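Chemist:
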Amino acid sequence: MGIKEIQEEIVDEFSMFDDWMQRYEYMIELGKSLPLIDEKYKTDDNIIKGCQSKVWVHAELDGDRLVFTADSDAIITKGIIAILIRAFSNQKPQDIIDADTDFIDEIGLKEHLSPTRANGLVSMIKQLKLYAVAYQTQLN
């Protein structure tokens with residue numbers, strides 16, 4: 001499944017909930033299913049700068065696809081990174097670079113986060129795209 005289809009699926013899932021408390025609970029559940037980063041990658045090099053909580057992200061190439069793993073010390077943040085990884089993991093680096101992140105606005109995530117969490121979200125997206133650029137360069 002491509003990035004756009006996954007994003008649409010996420011938007012559909014979030015639209016099933018009536019209020020933001022239910023959506024937060026769902027995000028926490030998503031965080032529990034996050035492909036967890038190996039402990040050896042929980043280093044300062046893999047911490048996303050600009051996040052209030054600690055968020056570690058690791059990326060590696062599997063054939064021509066980029067696979068992300070992550071973890072966070074905060075449950076909401078773990079849910080946020082789980083949503084992003086679901087959309088972008090197992091995709092080609094160029095597709096990640098080219099992808100938009102409008103689905104974040106469609107589910108209303110940014111407007112329901114504190115300013116520091118919203119900044120963290122932007123930092124997470126930026127980091128995933130930076131990994132994609134780095135790996136795309138290797139593929140060229």
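Quick note on UniProt numbering: the sequence shown kicks off at 1 and runs consecutively.
Think of the CB as a built atom: it goes at the ideal place given N, C-alpha and C, for glycine as much as any other residue.
None of the values given here were measured: they were computed from a predicted structure.
Return helix, strand or coil for residue 102, following the three-state DSSP convention.
Modeler: helix
Chemist: How about residue 89 and residue 81: are their beta carbons less than 7 Å apart?
Modeler: no
Chemist: Determine the DSSP secondary structure at residue 59, reduced to helix, strand or coil.
Modeler: strand
Chemist: For residue 67 versus residue 127, is the C-beta spacing smaller than 7 Å?
Modeler: Contact flag unset, no.
Chemist: In whole angstroms, give me the CA-to-CA distance for residue 143 and residue 96.
Modeler: Residue 143 lies beyond the stretch modelled for the chain, which goes from 1 to 140, so this question has no answer here.
Chemist: Any heavy atom of the ligand GDP inside 6 Å of the beta-carbon of residue 132?
Modeler: This structure lacks the ligand GDP, and indeed carries no ligand of any kind.
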